[in-house]
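Numbering (UniProt numbering), first residue to last: 1 to 200. Glycine included, each C-beta is placed from N, C-alpha and C at the ideal position. Report on the structure given below.
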């Protein structure tokens, strides 16, 4: 019996239907303003770490939206006090509710945010936020707290950059509406800021 079935497979007597493959490249969560920031991150992964990611077409959204804001020249206390507590509505003000979040790298960064302003809730790590979505996101000290902060590059030593870029992509694409990126050490975020300016 086994041999007969094996012979059928080898002689291709079964009519297998080959499924048609297609890419789901429409992002229903994030608008194009967010995706224009996220897409270059994927480009970096595909360029420098091609074996670590599937080669897919760029994502696009069905609607446009505000461009993410990168906050510079500000300390954390001032940023969180001004950004969270100001009553005036402007592009940088976020009134924190259930659909807003601060995303940080790890539990230590989470504790720092809670010490700076105990009213800021929720605060998630990138890992905690994976699979979730929020109207507004503050990405805090992602580059300042990065373990890949060395200035000299070697492919073997810096393979961690692959996971760093993937974490950055996850954090950016949690957003439905507004994204603010704030790093206390502007020097550490300068390379990606320069790259984003060049591709926008």
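message: So the candidates are 144, 29 and 161; which of them puts its Cα closest to the Cα of residue 49?
response: Here the question's residue 49 lines up with position 49 in the chain shown. Answer by Cα proximity: 161.
Near residue 195, which residues of its chain fall below 8 Å by C-beta distance, leaving aside the five closest residues on each side in sequence?
Position 195 of the chain shown holds residue 195. Counting only Cβ-Cβ distances below 8 Å, and skipping sequence neighbours, we find 40 and 44.
* Asked: So is residue 141 buried or exposed if we call it buried at 16+ other beta carbons inside 10 Å?
  -> As a working mapping, residue 141 is identified with position 141 in the chain shown. Label assigned to residue 141: buried.
Notebook entry, point to check: Nearest-angstrom Cα distance between residue 75 and residue 187?
Noted result: Taking the chain shown and counting its residues from 1, one reaches residue 75 at position 75. Taking the chain shown and counting its residues from 1, one reaches residue 187 at position 187. So the alpha carbons of these two residues sit roughly 14 Å apart.
Check your understanding: Within this structure, are the beta carbons of residue 72 and residue 26 separated by less than 8 Å?
Key -> Within the chain shown, the letter at position 72 stands for residue 72. Within the chain shown, the letter at position 26 stands for residue 26. Cβ distance not < 8 Å, so residue 72 and residue 26 don't count as in contact.
(message) So, for residue 17: in the same chain, excluding its five sequence neighbours on each side, which residues have a beta-carbon less than 7 Å away from its beta-carbon?
(response) By one-based count along the chain shown, residue 17 stands at place 17. Cβ within range, chain order: n/a, list empty.
To the nearest angstrom, report how far apart residue 78 and residue 159 are at their CA atoms.
Residue 78 sits at position 78 when you count from the first residue of the chain shown. Residue 159 sits at position 159 when you count from the first residue of the chain shown. Distance between the alpha carbons of residue 78 and residue 159: 35 Å.
* **CB contact flag (residue 144, residue 111, <8 Å)** => As a working mapping, residue 144 is identified with position 144 in the chain shown. As a working mapping, residue 111 is identified with position 111 in the chain shown. No, the Cβ-Cβ distance between residue 144 and residue 111 is not below 8 Å.
- Message: Would residue 129 and residue 174 be called neighbours here (beta carbons separated by less than 8 Å)?
- Response: Stepping through the chain shown from its first residue, residue 129 is reached at position 129. Stepping through the chain shown from its first residue, residue 174 is reached at position 174. Yes, Cβ-Cβ distance for residue 129 and residue 174 is below 8 Å.
Residue 38 CB to nearest heavy atom of the ligand COA below 7 Å: Questions concerning the ligand COA fall outside what the structure shown contains, since it holds no ligand whatsoever.
With C-beta atoms as the reference, is residue 178 less than 8 Å away from residue 66?
Locating residue 178 in the chain shown gives position 178, counting from the first residue. Locating residue 66 in the chain shown gives position 66, counting from the first residue. Yes, the pair counts as a contact, with Cβ atoms nearer than the cut-off.
State the DSSP-derived secondary structure class of residue 169, mapped to helix, strand or coil. As a working mapping, residue 169 is identified with position 169 in the chain shown. DSSP places residue 169 in helix when its eight states are reduced to three.
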